[in-house]
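**Student:**
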Amino acid sequence: MNVAKRTFDAVIVGAGGAGLRAALQLSEAGLKTAVLTKVFPTRSHTVAAQGGVAASLGNSTEDNWHWHMYDTVKGSDWLGDQDAIEFMCRKANEVVVELEHYGMPFDRTDNGKIYQRPFGGHSQNYGQSPVSRSCAAADRTGHAMLHALYQRNVRANTQFFVEWNALDLIRDADGDVLGVTAIEMETGEVSIFHAKATIFATGGAGRIFHSSTNAFINTGDGLGMAARAGVPLEDMEFWQFHPTGVFGAGVLITEGVRGEGGILRNASGERFMERYAPNLKDLASRDVVSRSMVTEINEGRGCGPDKDHVLLDITHLSPETIMKRLPGIREISIQFAGVDPIKAPIPVVPTAHYQMGGIPTNFKGQVVAPKDGNPNAPISGFYAAGECACASVHGANRLGTNSLLDLLVFGKSAGESVVEDLRSGNLGLKPLPADAADMSLARLARLEGQTNGESVFDVGLEMRRTMQKHAGVFRFDQLLKEGVAAILQVAERAKRTEIKDKSKVWNTARTEALELDNLIEVAKATMISAEARKESRGAHVRDDAPDTAEFPNGRNDKEWLKHTLWYSEGNRLDYKPVTIQPLSQDVEPIALAKRTY
Amino acid sequence: MSKRTVNFKMYRYDPDKDEKPYMQDISVELEPSDKKLLDALVRLKSVDDTLSFRRSCREGVCGSDAMNINGKNGLACLTDIDSLPQPIVLRPLPGLPVIRDLIVDMTQFFKQYHSIKPYLVNNEPAPERERLQSPEDREELNGLYECILCACCSTSCPSFWWNPDKFVGPAGLLAAYRFLADTRDEATTERLDNLEDPYRLFRCHSIMNCVDVCPKSLNPTRAIGKIKDMMVARAV
Numbered sequence: 137m138n139v140a141k142r143t144f145d146a147v148i149v150g151a152g153g154a155g156l157r158a159a160l161q162l163s164e165a166g167l168k169t170a171v172l173t174k175v176f177p178t179r180s181h182t183v184a185a186q187g188g189v190a191a192s193l194g195n196s197t198e199d200n201w202h203w204h205m206y207d208t209v210k211g212s213d214w215l216g217d218q219d220a221i222e223f224m225c226r227k228a229n230e231v232v233v234e235l236e237h238y239g240m241p242f243d244r245t246d247n248g249k250i251y252q253r254p255f256g257g258h259s260q261n262y263g264q265s266p267v268s269r270s271c272a273a274a275d276r277t278g279h280a281m282l283h284a285l286y287q288r289n290v291r292a293n294t295q296f297f298v299e300w301n302a303l304d305l306i307r308d309a310d311g312d313v314l315g316v317t318a319i320e321m322e323t324g325e326v327s328i329f330h331a332k333a334t335i336f337a338t339g340g341a342g343r344i345f346h347s348s349t350n351a352f353i354n355t356g357d358g359l360g361m362a363a364r365a366g367v368p369l370e371d372m373e374f375w376q377f378h379p380t381g382v383f384g385a386g387v388l389i390t391e392g393v394r395g396e397g398g399i400l401r402n403a404s405g406e407r408f409m410e411r412y413a414p415n416l417k418d419l420a421s422r423d424v425v426s427r428s429m430v431t432e433i434n435e436g437r438g439c440g441p442d443k444d445h446v447l448l449d450i451t452h453l454s455p456e457t458i459m460k461r462l463p464g465i466r467e468i469s470i471q472f473a474g475v476d477p478i479k480a481p482i483p484v485v486p487t488a489h490y491q492m493g494g495i496p497t498n499f500k501g502q503v504v505a506p507k508d509g510n511p512n513a514p515i516s517g518f519y520a521a522g523e524c525a526c527a528s529v530h531g532a533n534r535l536g537t538n539s540l541l542d543l544l545v546f547g548k549s550a551g552e553s554v555v556e557d558l559r560s561g562n563l564g565l566k567p568l569p570a571d572a573a574d575m576s577l578a579r580l581a582r583l584e585g586q587t588n589g590e591s592v593f594d595v596g597l598e599m600r601r602t603m604q605k606h607a608g609v610f611r612f613d614q615l616l617k618e619g620v621a622a623i624l625q626v627a628e629r630a631k632r633t634e635i636k637d638k639s640k641v642w643n644t645a646r647t648e649a650l651e652l653d654n655l656i657e658v659a660k661a662t663m664i665s666a667e668a669r670k671e672s673r674g675a676h677v678r679d680d681a682p683d684t685a686e687f688p689n690g691r692n693d694k695e696w697l698k699h700t701l702w703y704s705e706g707n708r709l710d711y712k713p714v715t716i717q718p719l720s721q722d723v724e725p726i727a728l729a730k731r732t733y
Numbered sequence: 058m059s060k061r062t063v064n065f066k067m068y069r070y071d072p073d074k075d076e077k078p079y080m081q082d083i084s085v086e087l088e089p090s091d092k093k094l095l096d097a098l099v100r101l102k103s104v105d106d107t108l109s110f111r112r113s114c115r116e117g118v119c120g121s122d123a124m125n126i127n128g129k130n131g132l133a134c135l136t137d138i139d140s141l142p143q144p145i146v147l148r149p150l151p152g153l154p155v156i157r158d159l160i161v162d163m164t165q166f167f168k169q170y171h172s173i174k175p176y177l178v179n180n181e182p183a184p185e186r187e188r189l190q191s192p193e194d195r196e197e198l199n200g201l202y203e204c205i206l207c208a209c210c211s212t213s214c215p216s217f218w219w220n221p222d223k224f225v226g227p228a229g230l231l232a233a234y235r236f237l238a239d240t241r242d243e244a245t246t247e248r249l250d251n252l253e254d255p256y257r258l259f260r261c262h263s264i265m266n267c268v269d270v271c272p273k274s275l276n277p278t279r280a281i282g283k284i285k286d287m288m289v290a291r292a293v
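For the record, the sequence lines run as chains A and B.
Counting from 137, one number per residue, gives the positions in the first sequence under our numbering.
Counting from 58, one number per residue, gives the positions in the second sequence under our numbering.
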């Protein structure tokens, strides 16, 4: 097959929030930049974020970045790296204000400032009381943000390659990254995007689970490409189950609903979160609320004929508040739950939502991996930001509104690092290896020629069911062990996928088969990392690591205060230390403590 | 709900093998959990992987799965399958070149969107903090900023069908008014100049197909009327 070559200063894969924020940095610096995206930028999944973006602006309640940092470290169950967390929380006001200057239509306070609402796990004065930290545009913050960022890129003349699928990462014999291979949907033609710098902003892989708030496109493409190219994936056992997915449909209902006063109730109408989190109640951290809901259901207090969900009640709010602050939620409830929340509560259930782990990076957005005794050696030419990356700011559990902040801060910082590394002469255009496109071409040829193979749909379904059953909200030693065997079997089947569609033009069967290759890498990483971590921490809670005096909440800091690294080759696991020292010498680390809300 | 079968008349075209488009009679058995038209299309694709359509968020915010459903433009993910008379006639959005099956080439649509300079213009030095805007001024943007660029409106508009290269179309004009209405934007004169032309704005004859089909219940016709009012106001 003929492979065209295109050359750029930088190539960005993905045009969601992180990719668009990084692209702005590069375009405005005058670098020749290509942004590859498999969907038109405003169709990226950032669009579905609802409740807000965190920043300690203090527009309605007193706030500062130290409190935000404390909440984030505590939320992460101390697995987050405190240098990256300090960096993010200190940068929050700057990147949110920038976004406002780009035209983002934030809601406003009476004095004209950005409107802020309370959100789960965010507090004043180190856990004392809820704080209004979430900067919101009604319940469409992600949509407003993604469009504002795209619009700013239109102004900056960013060059997009829309409806191109990146296939594989190109590395040379030194392990340096030289770009990606990609296929154009409309023609089926493969190109090499040769670049001095490559930024991955490919989003999450929530589609490994059967019940997910995620879009169809969230297939972990960047993680799959990185894993196939020998880059480890960090902390993949940590997945966030959002407390409030619409029962049956999986569609997200923002935590902002509880921020505006919504209450979770069980079958007897009880506000059960008062028992589990006496202080923050319904606004406790997401992992805590999800586990409480599942416990209610498991103990027979669930709602409905099968007692298999709980209710999110906002009927006590005024219709005006709902129409003004939560109009999108009302539409979603009517569409997908058949319920008008002004009149009746919404049936909800914890639903897979966000991947805390990802491609390991430092706070500058440089991808790092162990090399010559340095656990965090940058891989030359390779950067990542947003949900696909692990900085790590979310650790074992992400706080709501910190994902939109993450993609702004680290999208910008990855872009700045590229600009800096190019200007300082650290990065040049290294020659392409002769086999740069071979792996991609071999994958395509295998798919083209496969006969008597497996259906992509069937293998995908098996993967999603396996992940749902074996790596859900609560985890069990035996189920995890069986899950490892099961997912490895699914991975074998995925090597033999067959498609009937042989067209060159817009072949979505081929796209879905290639996406499945990426999902499978993420699924293996998740199951194997989860089986190996023999403690409970954040979103990873095991039956054989219960709450004891020696190990509060089942957390074992002596053995497990460390990041997991999973390598695709041989499913090898490695570990590296958590960074406890914040970025600034004069900032005190947040000391280890038992997590309660 | 028990298993049920739905029947389609589906527009099919693969330029790699078909000389011309054709309508295919095709049916699929649904699972009880399949509620929306998009669920049925995904089910259908699990049987025939050659069926091609765009989709992503499946909750009506990304704008990918706009199509012509029984003669009316809409989003597959927000359309209840059981509400549709059968056979369900599915075609690509009208007026744009078809690439394959239900996938259209949206270049012209986005070109018009880009032509209105869809970004905030404010050349004052950026303040340290946010620019202030009163809640009342912010409310002016409601009904404008929520557009998802699905193109249901512009591809249901006869003026856009006849002059897709000259008439901005309802989606682009809605975006134009979103910036005209923003108290933070300083480019009012340039924006109005940009639309002062026999085609770009004035080909809208207020037949309101756009309002009828918008899956987000937005009203491009009203926004266009407001731009026309601004044109008149500055002429006198």
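Cβ coordinates follow ideal geometry from the N, Cα and C atoms, glycine included.
Computed from a predicted structure; not experimentally measured.
1) Pro-481(A): buried (16+ other C-beta within 10 angstroms of its C-beta) or exposed?
2) Along chain A, in chain order, which residues have C-beta atoms closer than 9 Å to that of Gly-120(B)?
3) Would you please verify whether the beta carbon of Val-641(A) is less than 8 Å from any beta carbon of chain B?
4) How about Gly-356(A) and Gly-366(A): do their beta carbons lie closer than 8 Å?
5) So, does the region 712-723 of chain A touch the region 123-139 of chain B, judging by three or more C-beta pairs under 8 Å?
6) Identify whether Cys-225(A) lies in helix, strand or coil by the three-state DSSP scheme.
7) Can at least three beta-carbon pairs, one atom from the region 527-535 of chain A and one from the region 219-238 of chain A, be found at a separation below 8 Å?
8) Any Cβ of chain A within less than 8 Å of the Cβ of Ala-183(B)?
9) Give the secondary structure of Met-67(B) by DSSP, where H, G and I count as helix, E and B as strand, and everything else as coil.
10) From Asn-278(A) to Ala-185(A), what does the alpha carbon distance come to, in whole angstroms?
11) Cutting at 8 Å between CB atoms, please list the residues of its own chain near Thr-587(A), excluding the five before and the five after it.
12) Out of curiosity, what's the CA-to-CA distance linking Glu-299(A) and Glu-322(A)?
13) Comparing the C-beta of Ile-319(A) with each C-beta of chain E, is any distance below 8 Å?
14) Starting from Gly-315(A), follow its DSSP beta bridges and name the residues at the other end.
15) Residues of chain B with a CB under 7 Å from the CB of Val-290(A): which are they?
16) Is the Cβ-Cβ distance between Asp-371(A) and Gly-493(A) less than 8 Å?
17) If we call anything under 8 Å between Cβ atoms a contact, is Arg-276(A) one with Gly-464(A)?
18) If we ignore side chains and look at the alpha-carbon of each, how far apart do Asp-96(B) and Arg-611(A) end up?
19) For Asp-637(A), decide whether its Cβ has a neighbour in chain B, counting only Cβ atoms nearer than 8 Å.
20) Give me, in chain order, the residues of the same chain whose beta-carbon lies closer than 6 Å to that of Thr-107(B); leave out the 5 immediate sequence neighbours on both sides.
21) Taking Ala-363(A) as the reference, give the member of Gly-509(A), Pro-496(A), Asp-213(A) with the closest Cα.
22) Any beta-carbon of chain B closer than 8 Å to the one on Pro-682(A)?
23) When DSSP labels each residue in this structure, what does Gly-531(A) get in the three-state scheme?
24) Identify the continuous beta strand (DSSP E) that holds Gly-256(A) and give its terminal residues.
25) What is the residue span of the beta strand (DSSP E) that Asp-557(A) lies within?
26) With Val-139(A) and Leu-172(A) assumed to form a contact (beta carbons below 8 Å), what rounded beta-carbon distance in angstroms separates them?
27) According to DSSP, is Met-372(A) helix, strand or coil?
28) Quick check on the burial criterion: 16 or more other C-beta atoms within 10 angstroms. Buried or exposed for Met-459(A)?
29) Can you list the beta strand (DSSP E) stretches of 3 or more residues lying completely in the region 136-187 of chain B, in chain order?
30) Which whole-angstrom value describes the C-beta separation of Ala-238(B) and Leu-201(B), a residue pair presumed to lie in contact below a C-beta threshold of 8 Å?
31) Does any residue of chain A have a CB that is nearer than 8 Å to the CB of Leu-153(B)?
32) Got a sec: is the Cβ-Cβ distance from Gln-218(A) to anything in chain B below 8 Å?
33) Select from Ile-328(A), Gly-248(A), Cys-439(A), Ala-520(A) the residue whose C-alpha is nearest the C-alpha of Pro-567(A).
34) Mind listing the chain B neighbours of Ala-351(A)? Cutoff is C-beta to C-beta under 8 Å, in chain order.
35) Can you list the residues of chain B that Ala-280(A) reaches, using a CB-CB cut of under 7 Å?
36) Using C-beta distances below 6 Å, list every residue in its chain close to Leu-94(B), excluding the 5 sequence neighbours before and after it, in chain order.
**Tutor:** According to the data block:
1) Position 345 of the first sequence, counted from the first residue, corresponds to residue 481(A). The residue is buried, with at least 16 neighbouring Cβ atoms inside 10 Å.
2) Here residue 120(B) refers to the residue found at position 63 when the second sequence is read from its first residue. Correct list: Phe-176, Thr-178, Arg-179, Val-183.
3) In the first sequence, residue 641(A) corresponds to position 505, counting from 1. So, interface residue.
4) Reading the first sequence from its first residue, position 220 is the one you call residue 356(A). Reading the first sequence from its first residue, position 230 is the one you call residue 366(A). No, the pair does not count as a contact, with Cβ atoms beyond the cut-off.
5) no
6) Along the first sequence, one-based indexing puts residue 225(A) at 89. In the structure shown, Cys-225(A) sits in a helix (DSSP, three-state: H, G or I).
7) yes
8) In the second sequence, the residue the question calls residue 183(B) occupies position 126. By this cut-off, Ala-183(B) is an interface position.
9) As a first step, residue 67(B) must be located in the second sequence, where it is residue number 10. Strand at Met-67(B).
10) Mapped onto the first sequence, residue 278(A) falls at position 142. Mapped onto the first sequence, residue 185(A) falls at position 49. The sequence given here places Gly at residue 278(A); Asn does not occur at that position. When rounded, the distance between both Cα atoms is 4 Å.
11) As a first step, residue 587(A) must be located in the first sequence, where it is residue number 451. Closer than 8 Å at Cβ, skipping near neighbours: Glu-634.
12) Working through the first sequence from its first residue, we reach residue 299(A) at position 163. Working through the first sequence from its first residue, we reach residue 322(A) at position 186. Their backbone Cα atoms lie some 8 Å apart in a straight line.
13) Among the protein chains of the structure shown, namely A and B, there is no chain E.
14) Against the first sequence, residue 315(A) aligns to sequence position 179. In DSSP, Gly-315(A) forms a bridge with Ile-306(A), His-330(A).
15) Mapped onto the first sequence, residue 290(A) falls at position 154. His-171, Pro-175, Tyr-176, listed in chain order.
16) As a position in the first sequence, residue 371(A) is number 235, starting the count at 1. As a position in the first sequence, residue 493(A) is number 357, starting the count at 1. Cβ atoms of Asp-371(A) and Gly-493(A): closer than 8 Å.
17) On the first sequence, position 140 is the one that residue 276(A) refers to. On the first sequence, position 328 is the one that residue 464(A) refers to. Result yes, Cβ atoms of Arg-276(A) and Gly-464(A) sit closer than 8 Å.
18) On the second sequence, position 39 is the one that residue 96(B) refers to. On the first sequence, position 475 is the one that residue 611(A) refers to. Taking the straight line joining both Cα atoms gives about 30 Å.
19) Numbered from 1 along the first sequence, position 501 holds the residue referred to as residue 637(A). Taking Cβ atoms only, chain B reaches closer than 8 Å to Asp-637(A), which makes this a yes.
20) Locating residue 107(B) in the second sequence gives position 50, counting from the first residue. Result list for Thr-107(B): empty, nothing under 6 Å.
21) Start at 1 with the first residue of the first sequence, and residue 363(A) comes out as number 227. Ranking the options by Cα distance to Ala-363(A), first place goes to Pro-496(A).
22) Along the first sequence, one-based indexing puts residue 682(A) at 546. Taking Cβ atoms only, chain B never reaches closer than 8 Å to Pro-682(A), which makes this a no.
23) As a first step, residue 531(A) must be located in the first sequence, where it is residue number 395. DSSP places Gly-531(A) in coil when its eight states are reduced to three.
24) Within the first sequence, residue 256(A) is the residue found at index 120, counting from 1. It spans 252-260 - the beta strand (DSSP E) in which Gly-256(A) sits, taken as one unbroken run.
25) Locating residue 557(A) in the first sequence gives position 421, counting from the first residue. No beta strand (DSSP E) contains Asp-557(A), which is instead part of the alpha helix (DSSP H) from 538-559.
26) What you label residue 139(A) is simply residue 3 of the first sequence in a count that begins at 1. What you label residue 172(A) is simply residue 36 of the first sequence in a count that begins at 1. Not confirmed; about 15 Å, so no contact.
27) Here residue 372(A) refers to the residue found at position 236 of the first sequence. Note: Met-372(A) maps to coil in three-state DSSP.
28) Residue mapping note: residue 459(A) aligns to position 323 of the first sequence, counting from 1. The residue in question, Met-459(A), is exposed, as its Cβ has fewer than 16 Cβ neighbours within 10 Å.
29) 145-148, 155-157
30) Along the second sequence, one-based indexing puts residue 238(B) at 181. Along the second sequence, one-based indexing puts residue 201(B) at 144. Correct: roughly 6 Å between the Cβ atoms.
31) Translated into positions along the second sequence, residue 153(B) becomes position 96. By this cut-off, Leu-153(B) is not an interface position.
32) If you number the first sequence from 1, residue 218(A) lands on position 82. With 8 Å as the cut-off, Gln-218(A) does not count as an interface residue toward chain B.
33) In the first sequence, counting from the first residue as 1, residue 567(A) sits at position 431. Taking only the C-alpha atoms, the option nearest Pro-567(A) is Ile-328(A).
34) Locating residue 351(A) in the first sequence gives position 215, counting from the first residue. Per Cβ cutoff of 8 Å: Ser-113, Cys-114, Arg-115, Cys-119.
35) In the first sequence, residue 280(A) corresponds to position 144, counting from 1. Within chain B, the residues near Ala-280(A) are Tyr-202.
36) The residue labelled residue 94(B) in the question sits at position 37 within the second sequence. Same-chain partners within the cutoff: Ala-133, Thr-136, Ile-138.
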